[in-house]
Structure formats: C-alpha cells, structure tokens
Amino acid sequence: MKKIFLSFSFSIILLTQSPALATEELGIIVEPTGEPMLETLPSPTIIEHAPVQPVSSKNSAPLELSIIRETWFLRKNLLSAGMEEEARNALEKLYQERLNFSLENLTLYASALIREGLQYAREGNLSRAIELIKFSQKLAPDFPPAYFFLARIYLTANKFNPARIITQYLEGCAAIGRNFLWGVNLVSNSALIFFGSIFLSFAIYGFILLLKYLKLFLHDFSDLFPQAVPSSLTAILGILVVLAPLLFFQKGAILMLIWALLITVVYSSTREKALTIIFFLLLGLSPFLLNTISTLLTSPHTGIVTEIAQANRDEWTLNTEERLKEWLQEHPQDIEVLFTLGILNKRKGNYEMAKQYYQKTIELDPKFAPSYNNLANVFLATEELNQASRHYKRAQELDPSMVSARYNLAQFYYKQALLTEGERELGLAKRLNSDRVSDYTSIYSSTNINRLVIDELIPSSAIWRKLFSSSSSPYPVMELPGGHFLNGWELKKMSLVGLILILFSLFLISLTKKMGFSRVCGRCGKPLCQRCQPVISEQSGIQEEGLCPQCYYTYIKHGGVEPGVRAKKELQVQRFQARSEILQRLFSLLLLGTGHLIKGFTLRGIALLIIFIAFILNFYFWDGLLRNNPPVDASISLPRLIISLLLFLTIYGLGIRDIYRKE
C-alpha cells in the first residue's frame, strides 16, 4: 500500500489538468481549429520603431501599445521576404518593446512563436524549433507551455539527456505558480477531480454496504410481520423500502445514498461506521466545498479578476481597460481596479490620470505601500522630485522589505547626481533581494520611465482574495455544466442536514446492541438473530466467534454435529466462500478497491477506490473543464499519456495483487 500511495502522490503532480480559459477574455481572434489568427489579420503599415520619449519631458505623448503589433507584423513581412536575420532583429525589438511597456508577458505572441516552433519540429528542423520556443520564454516567462513544449522537443532531440528535460518541466511548474490564470485552473481542476473522486467513491461505498448487508436488513424487516406472512412478500416489501428514495423522490440518487448508509450503519463494522460518519460530515461541508470549486471554475472567466490579472501581468487590450472602467463605475472604491488602472496609464504615459488613480487608492487605504511606490514613479516622470522622494520614503516606512522602493529611490538619487545616497539605497536593496535587483538592472534604461524605475503590481494573494469576493452568485456551482442536477436542493441547509445525519447515525449505533440487530455468520454467511438462532449457552463462545451454532460446532468444537450434517455444512461454506471470492475479484477488476470493501478491508478499499476514480476523472477531463487560451497545440501529449497510463496500470496492478494476497 505504501507503494500505491507514493505512486498516487507522484501522479498528482504529473497528471494535473491543463488550465483552460475562454478565448474572448484576451481579445484573441480564433480560427475554427482553435488557433490564434495573428498571421491572418490585415497587416498594418509597417513603421520604424518610434523613439522613446525622454523621462524629463512633462508633456510627452502617451506611448502606443500598437507598436508591439506593428513590430510583430514587421517580423512576419521580413520572414515572407526571406530576410531571416532581419526577422530575428525584429523579434528582439519585440522583446525590447515588452520591456519598454514594463509588461511581464506577451502571451499571445509567445503562443504564436510556440506554434511556429512546433511546425518546424514536425518538419525535422529541431534547432530552429528550439530557438523559437526559447525566445517565446523571453516574451512570456510566465507562460507554462513555453517550457513544457520545449521539454517535448528536447525529448525528441535527445532522449538520453533527462536533466534538461526535467529542468524545463520544473520551470513550467514554477511558471504555473506565477501565472494566476493558469494557477487557478490547475487548482480548480485538481479540486474538481479530488472532491469528485471522494464523493463518487462514497456513492459506490454506500452501494457496497447495501450489497453486503441487504440480507441482514431484509431478515430483520421480516421480524416486523407475523410468521404467517410469506417470506417472499416481506422480502419484496423490504426491497421497496430500500428503494423508496428512488421511487418517490425527484432527487432520489443522493437520498438513496443517504438512506443506504443509514439502514446499514447498524450492521457495519467499526471502521465502516466511522466512514459513514465522515461522509455525513463531508455532506455538511458540501456547500463550502461546492462553492469553492465552482468559484474557482467560473469567477476567473466571468468577473473582474481576469482583467486585473491580465492588465498586471500581460499585454492588455482596449476591452480590458474598458471593462475595468465599467466595473469602477459600479464599484468606485475597488482598490485593486483603481491601482490597476494607475498601472496602465503610467505605462502608456498618461501621468495625470495615473496620479488620480493612485491618489484615490491612497485615500481608500493610506497604508497600501505599493501605491506610494508607483505614485512616486509617476512624480519622477513628471519631474516633481520632492513629491517623488517623499512617496518613496513613505513606501519604505510602510513596507521595509519592498525591494522596488529602495531600488527606485536609488535611481532617483542617481538622477540627481547624489551618488553616495544612491549607492547606499542600492546596497540596501541588494541585501533584501540581490536577484531581483539584478533583474531590474538588466533591463535598465535612462530614457524610459518604465525601465528606469519599477512599478509594484497587484500581489497574487490579493487577486486570489478577489477571486472569491467578486463571485456574482452565492452558489456558482449552478452555473457549471451539470449544475442543474442540484436545482431544488437548498445548499445552505445542507450543513444542518449533515449535522442531523451525524447525530441520528450515532443514535442508531448506540441502539445496535440493545435492539439485537442481525449479524452474519463469518463462515457460511447465514443471517443470525436471537429469534431464529438463540444462543445455547453464554459460555459457548458462539457470539465471540461470530459464527452460527452449526459452524461453531463444526469448525471450533468439532463435536455435537452428525457426520451428514457436517458434510452438508462444509459444502455450504465452500460454496458461499467461493461465491464471495468470485464477487470480490469481479468487483475489484471493474472498480479497484470495491473488492477490499466487500472483504472488510475498509480503509484500504476506500483509499484505492478514491485513487482509481481520480484517475478515471483525470482521463475524462484530460484537457480540463474548459479549453486553453491562447490555444497552442491540440495534439495529445504523448509523454503525459504514457506516464498517466503507466501510473494507472501500476496502481491497478498493485491493488489487484493486494486483494488476491488478502484472500
């Protein structure tokens, strides 16, 4: 079992779902095949790179983000003309434009480069493919496919150099952590699989308990009727009672599971009783769990969170800015949106508008240090030097660990020719985070405010908080595919229902010994109760052994049973145990872990069943609940498929081997 759980832990890392976003959110034009149509858009008139406005100019014209698209089409035209070296220079210019606008990522263009690289790889030109995908990492260092696809090409180029392949996969996983939209999809898809496998496993667990103990329930149910009533009639009535939720209630599936657990809890083993209580506890927590998962799946694509993440970490569009402004009209005190609009206007050179947005955030939260840092950058751009210095120092007071505030103040001092003060602040910044300072200095430009000083962005923690606070629906699970199944259920009352079920289950468990419910003989499977199988003697040991009197005297006492009766009993036991083994093996082959549950290995069985269902859901949701955006490559990842199948077959084989060993 230790091998099984280690394998499953490893599979969680490798088999997580591909994040998926709606294509409209980034304003991408998509072909019917799902690929971005950057190449098919009308090519604008190609212009030379516009000179960057000097920092000291108070009235400099706003920078136009369209220069990025123009540079991209310049590269495409150069490629069409066969001027590959000039096209490489244009690609480098595109990277410089990303830095000029202080953009963290150019995801759309990176995805287009990846598709070009994959096309070269299919044609056998692996060196060119590696070159393009490596450059896509420069354009969008937080775009996970840039690393995963490069790892695939490295695998094709040289299967015996695993170090660089693993390195790329690890960097891709790190990129998921930095990329909010990919991260939230990873978490949501993983949560969907994890909790889905748990609830489905408990549904199967309820069915298994009903299968195991239905005979006992029907036996006890027949005691409610006079002996003159035929046993076949009482059996039919008992089955109707068991199936009542399905027959008489619209939402009978869930009610059937609850009812099955309730009527079997008095017959269950100690561990089975504990699992039943755990399920009712999860049922009580279901509103929170369902709301969390559905918020993760729906809010990033329906609320303001996408625009905030997009504007902070990627190239924004006019639609992005308009949606932020529309949201602000209805929520004028939304600090994250105000702060984001300040970032956009500062990047473009609309300094007066940027000041207004930042000042408003400071009014709403006077202790929000990033606003002081970014406002100081705007003051530096407009040569309001006293204000810039004051706000840099205020940012440092509020957050002494903010590297950007010290680095920016150092650049302010250098600009004023105060070299000693500048060296002091730069040294303090390096002590805080030398790697980040090195990243800042590597893109430094004295003529571009976006590269001279560094803006703070909305922290990922704030975006995650906003994800849950901006959901428009109290229970957005209803918005998911299949969410209509829960229509009519009062989710907010499920917590009370779960508590009631737990208390009622404990009450039934307390009655188990007092009421004398039937038990099953451990050898022949025959139902036993005090009415039809009275205990001959308290010292006989029959109750302790859990056997019927015939099995007790046949296998334990070895006396008191005639030879013919003994032979008949032994044959009955052999047939029962043979049927039980066949049933256990058959169930295990169909649903891993169910054989363990039937056999009585409860914890091991439910664990194997959850893992098995998780794999099934992983294959079913192979590309995630939604599609990737921007789409890169629709082909199935062969390494991921092979690893998934190997892990699945390994765990499946270990589980089957385990049930045979238990027998």
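Numbering-wise (the numbering used here), the sequence shown opens with residue 431 and increments by one.
The C-beta atom is built at its ideal place from N, Cα and C for all residues, glycine as well.
Fair warning: this is a prediction, and the values are worked out from it, not measured in the lab.
So which of 602, 959, 1075, 1073 has the shortest CA-CA distance to residue 646? 959
Could you give the C-beta distance for residue 404 and residue 565, rounded to a whole number, given that I count them as a contact under 8 Å? An answer regarding residue 404 cannot be provided, because it is not within the stretch 431 to 1093 covered by the chain.
Note down, one range per segment and in chain order, each alpha helix (DSSP H) of at least 4 residues found wholly within the stretch 759–801. 765–778, 781–794
Residue 1068 versus residue 601: straight-line alpha-carbon distance, rounded: Residue 1068 and residue 601 have their C-alpha atoms roughly 20 Å apart.
Note down the Cα distance separating residue 844 from residue 595, rounded to an integer number of angstroms. 43 Å
Cα-Cα separation, residue 926 to residue 942: 25 Å
With a 10 Å radius around its C-beta and 16 neighbouring C-beta atoms as the bar for buried, classify residue 475 as buried or exposed. Model confidence at residue 475 stands at a pLDDT of 34, short of 50, so the residue's coordinates are unreliable; what they give is reported in the following sentence. When all chains shown are included, residue 475 counts as exposed.
With a Cβ-Cβ cutoff of 8 Å, do residue 932 and residue 711 count as a contact? Yes; because the gap between Cβ atoms is below 8 Å, this pair is in contact.
Determine the burial state of residue 699: buried for a count of at least 16 other Cβ atoms within 10 Å of its Cβ, exposed for fewer. exposed
Counting along the chain, where does the alpha helix (DSSP H) carrying residue 891 start and finish? Residue 891 -> alpha helix (DSSP H) spans 890–899.
Does the structure place the stretch 747–765 close enough to the stretch 777–784 that three or more beta carbon pairs sit under 8 Å? no
Among 835, 1085, 1053, which has the Cα closest to the Cα of residue 1071? 1053
Here's the rule I'm using: 16 or more other beta-carbon atoms within 10 Å means buried, otherwise exposed. How should residue 662 be labelled? exposed
Can you name the start and end residues of the alpha helix (DSSP H) that residue 653 belongs to? No alpha helix (DSSP H) contains residue 653, which DSSP labels as neither H nor E.
Could you work out which residue in 726, 881, 689, 727 is closest to residue 709 when comparing CA atoms only? 689
Tell me which same chain residues have a C-beta within less than 6 Å of the C-beta of residue 898, skipping the five on either side of it? 725
State the DSSP-derived secondary structure class of residue 950, mapped to helix, strand or coil. strand
Among all the DSSP beta bridges, which residues are the ones paired with residue 958? Residue pairing from DSSP places residue 958 in a beta bridge opposite 949.
Rounded C-alpha distance that separates residue 938 from residue 1008: 33 Å
List, from N- to C-terminal side, the alpha helix (DSSP H) runs of 4 residues or more that fit wholly inside the stretch 551–624. 556–569, 575–587, 592–608
Output the boundary residues of the alpha helix (DSSP H) element that contains residue 502. 496–510
Under the three-state DSSP convention, the category residue 1003 falls into: helix
Please classify residue 535: does DSSP put it in a helix, a strand, or coil? In this structure, residue 535 counts as coil in the three-state DSSP scheme.
Take the Cβ of residue 1036 as the centre, count every other Cβ of all protein chains shown within 10 Å, and call the residue buried at 16 or more, exposed below. buried
Length of the line joining the Cα atoms of residue 625 and residue 667: So the two alpha carbons sit approximately 36 Å from each other.
Helix or strand or just coil, what does DSSP make of residue 911? With a pLDDT of 46 at residue 911, under the threshold of 50, the modelled position of this residue cannot be trusted; read the value that follows with caution. DSSP places residue 911 in coil when its eight states are reduced to three.
Same chain, Cβ closer than 6 Å to residue 719, five either side skipped, listed in chain order: 625
Simplified DSSP state of residue 1023, which is helix, strand or coil: Three-state result, residue 1023: coil.
Residue 742 (DSSP reduced to helix, strand or coil): Residue 742 carries a helical assignment under DSSP once its states are collapsed to helix, strand and coil.
Would you tell me roughly how many angstroms separate the C-alpha atoms of residue 501 and residue 524, rounded to the nearest one? 6 Å
Simplified DSSP assignment, three categories, for residue 1046: helix
Within 10 Å of its beta-carbon, does residue 530 have 16 or more other beta-carbons around it, so buried, or fewer, so exposed? buried
With 16 other Cβ atoms within 10 Å as the buried cut-off, status of residue 670: exposed
Run of the alpha helix (DSSP H) containing residue 853, from where it starts to where it stops: 849–872
As assigned by DSSP and simplified to three states, the class of residue 924: helix
Alpha carbon to alpha carbon, what distance is there between residue 571 and residue 860? Near 23 Å, if we compare the C-alpha coordinates of residue 571 and residue 860.
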